[in-house]
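Using our numbering, read the sequence shown as starting at 764 and increasing by one per residue. All C-beta atoms in this analysis are idealised placements derived from N, C-alpha and C, irrespective of residue type, glycine included. One structure is given below, encoded as C-alpha cells.
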Amino acid sequence: MYDVIVIGAGVTGCAIARELARFRWKTAVLERASDVCEGTSKANSGIAHAGYDAKPGTLKAKLNLEGSRMMEALSKELDFPYRRNGSLVLCFEETGKTELERLRAQGLANGVEGLEILDRKQLREKEPGVSDQAVAALYAPTGGIVCPFDLTLAFAENAAANGVEFHFTTQVTHMEKIPQGYRLDTSRGSYETRAVVNAAGVYAGELHNQISGKKIRIIPRKGEYCLMDKSVGNLVSHTLFQLPTAYGKGVLVTPTVHGNLLAGPTAVDVEDPESVNTTREGMDEVFKRAAMSVNGLPVKQVITSFAGLRAHEEGNDFIIGMVQDAPGFFDAAGMESPGLTCAPAVGKYVAAMVRTYLPAQEKSDFIPSRKGIPHIASASDAERKRLIGENPLYGNVVCRCELVTEGEIVDAIRRPLGATTLDGVKRRTRAGMGRCQAGFCLPKTLEILARELGQDIGQIRKNNGDSYFLTGFDKDGL
C-alpha cells in the first residue's frame, strides 16, 4: 500500500514527485516506458515561456508566471542548463501591431515584467538576424531556454534521492476504487495506493475517464521539428515566435542551451497517441514558416528531425486538481505548452492539494539539491584535468561531435535512475546528438552499456519495446 502513486514520468510527473518527496509519504512513480522523459517531454521546444500569451485568470497564466520565476534558481539548485535569452513575437504586417499591443496588455495583466513593443529599427538592433519581413515585435526579456531532458532528469533524480520509487515498463491498464483508496492494475502486477496523481500526458484522459463520470477529452496534437548544426546556432540569440493562432504559438526559431538552432513545431491533431513520425509535409511547413522569421534559414544544416505530441484539452487550460467524484484522485491533465515552464509550480501546487487530502509531516532530512553529470565539453581546463585525474575514463572520448567521454557515459548508467538504453545515454550525456547522429559513437556506446549492465550487446535497445540494434543473439551470445 502506497500513500501516493504518480502515473507518468514526464516533466510534470517528475516535478510533482520531487515535491511529494518533501513529505513523509510512501510515494512511487509508474511509467509505461523504460525511462523518464520518453513522451511529450522529450520532444518539445525547450522554452521557458515568459507568460504573456495565456488568458488572465487561467491556470496556464498563474503557473506559467510562477514557473518562469522559479527556473533560474532551480537550475542552480538541481544543476541543469538554463539561459534567460529573451523572446520576440514577430509581426509581419502593420495591422498586426494591434495584436502585439493586446499580447503586451495581457502579459502585464498576468504579472510579466519588462514587456515592450519594438519597432522595425529597434527590432533589428536587438536581433540582427531577424527577417526583413518583420515590421515590429513584442519583446519579453524574461523568456528563456532550457534543456527538457536535463530538467526532467533533475526532478526525477532528486525525487529518487529523497525516497520516491520509480517503476519503469509499468503501464497502468485498469484502475478501480477500493475502500483504502485505489487499485492500479499494470503490465507488471497490481498496486494499491491511498491517492493517485494522473500525469499521464496524452493518456491522462483515458485514465481519468476510468474513474470519473465527468469525462474529459485529451487530443494528441503533433508537432514536427528540425534541429540544425551548432555551426549555425548563433544565427539568432533570442527565441523568435510569430503571432499565435488557435493552434498555439506557431513555428519558432530559437537557439538551444547546447548551441544548436531549432525550428518548429507544426500543429496537427491526430487520433493515434503514438503518432510521432515526421513527414515531408511537416518539414516543408516548418521550413516555410521558419523562413519568415529569419533571413537565410540554413536548411542544409539540418542534422535531425523529430516529432512530439502535446496533450491538448478542449477547454484550452490545464486540468489540475482532485476529481470531484473520485476523492484522492488528482489530475494533472492537458499539460501542453507552457507545461514545461509551469512544471516547477505545478509540482508545488499538486503537492499542496495532496497534503490537504492526506496530511503528512515535512521531512527534516529532505535533500533539495542534485549534482548533474560533469561534461568535459563545457568544463574548464582545470576541471578537465581534475576529472581525468580522478577517473581516467574522462580522458577517453567516445562521441567526437559533442565531446562526450566514457566517464560521462558510465556516470549516466551508474547514477540513480541510470540509463539502460542508447537514448537514455543520449539524453543524459548528448552522446549521439551531434552532426553525425551517432554514426561514430554508436558501437562504443553499445559496448559500454552492455559491459556496465552485464548484458549481451544484442540485448541493448535504442529505447522501448523491441528496438534492438542487433539480431541473432541468444543468452550465450552469437
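Runs of the beta strand (DSSP E) spanning 3 or more residues and lying entirely within the segment 1059-1090 occur at 1065-1076, 1082-1085, in chain order. Rounded to the nearest angstrom, the gap between the Cα atoms of alanine 1194 and leucine 1024 is 18 angstroms. The DSSP-derived three-state label of threonine 915 is helix. Classified as exposed, glutamate 939 has fewer than 16 neighbouring CB atoms from the shown chains inside 10 Å of its CB.
In the DSSP annotation of this structure, the continuous segment of the alpha helix (DSSP H) that includes arginine 1190 starts and ends at 1185-1192.
Straight-line spacing of the CA atoms in glycine 814 and glycine 1152 works out to 45 angstroms. Boundaries for histidine 971: no beta strand (DSSP E) harbours it, while the alpha helix (DSSP H) harbouring it runs 967-974, taken from the DSSP string. Just so you know, the alpha carbons of cysteine 1204 and glycine 1135 end up roughly 22 angstroms apart.
Residue range 907-909 is occupied by the beta strand (DSSP E) that includes valine 909. DSSP places methionine 991 inside the beta strand (DSSP E), whose first and last residues are 981-991.
Counting along the chain, threonine 1042 sits inside no alpha helix (DSSP H), nor does DSSP assign it H or E at all.
Inter-segment contact for the segment 1176-1191 and the segment 794-814 is present: three or more beta-carbon pairs are separated by less than 8 angstroms. Between the beta-carbon of alanine 922 and that of cysteine 777 there is about 6 angstroms, and that keeps the pair under the 8 angstroms contact cut.
In this structure the segment 1084-1092 lies against the segment 966-980, because at least three pairs of beta carbons, one per stretch, are closer than 8 angstroms. In the DSSP assignment, proline 1028 forms no beta bridge with any residue.
Distance from serine 1000 to proline 1018 at the Cβ level is roughly 6 angstroms; contact confirmed, criterion being Cβ atoms closer than 8 angstroms.
Close CB contacts of valine 935 within its chain, under the 7 angstroms cut and outside five residues either way in sequence, are with Ile770, Leu793, Leu947, Thr949, Leu970 (chain order).
Contact between alanine 1053 and glycine 986 fails: their C-beta atoms lie close to 13 angstroms from each other, not under 8 angstroms. Spanning the alpha carbons of isoleucine 979 and proline 891 requires a straight line of approximately 45 angstroms.
The beta carbon of serine 850 sits closer than 7 angstroms to those of Ala813, Ala903, Gly906, His1001, Thr1002, Phe1004, all from its chain and outside the five residues before and after it, given in chain order.
The C-beta distance from valine 959 to isoleucine 768 rounds to 6 angstroms, short enough to meet the 8 angstroms contact threshold.
According to DSSP, residue pairing for cysteine 854 in a beta bridge involves Ala899. Distance check between proline 1007 and each of Arg865, Ile779, Leu828 places Arg865 closest, using alpha-carbon atoms only. Spatial neighbours of aspartate 882 in its own chain (CB-CB distance under 7 angstroms, excluding positions within 5 residues in sequence) are listed in chain order as Ala899. Assigned with DSSP and collapsed to three states, tyrosine 815 falls in coil, not helix or strand.
Taken through DSSP and simplified to helix, strand or coil, leucine 881 comes out as strand. Taking a C-beta distance under 9 angstroms as the contact criterion, alanine 1108 and asparagine 807 do not qualify as a contact pair. Within the same chain, Thr1168 come within 6 angstroms of valine 1160 by CB-CB distance, once the 5 residues on both sides are set aside. Spanning the alpha carbons of arginine 846 and isoleucine 941 requires a straight line of approximately 46 angstroms. Residue state for serine 1056 is assigned as coil, using DSSP reduced to three classes. DSSP places serine 994 within a helical segment (H, G or I) once states are collapsed to three. DSSP links lysine 1225 through a beta bridge to no other residue. Here DSSP, grouped into helix, strand and coil, assigns arginine 957 to strand. When DSSP reads this structure, serine 950 sits in a beta bridge with Gly952. Under the 10 Å beta carbon count, lysine 825 is surrounded by 16 or more other beta carbons and is classified as buried. Annotated as distal: histidine 1021 and proline 1155, with beta-carbon spacing of 9 angstroms or more.
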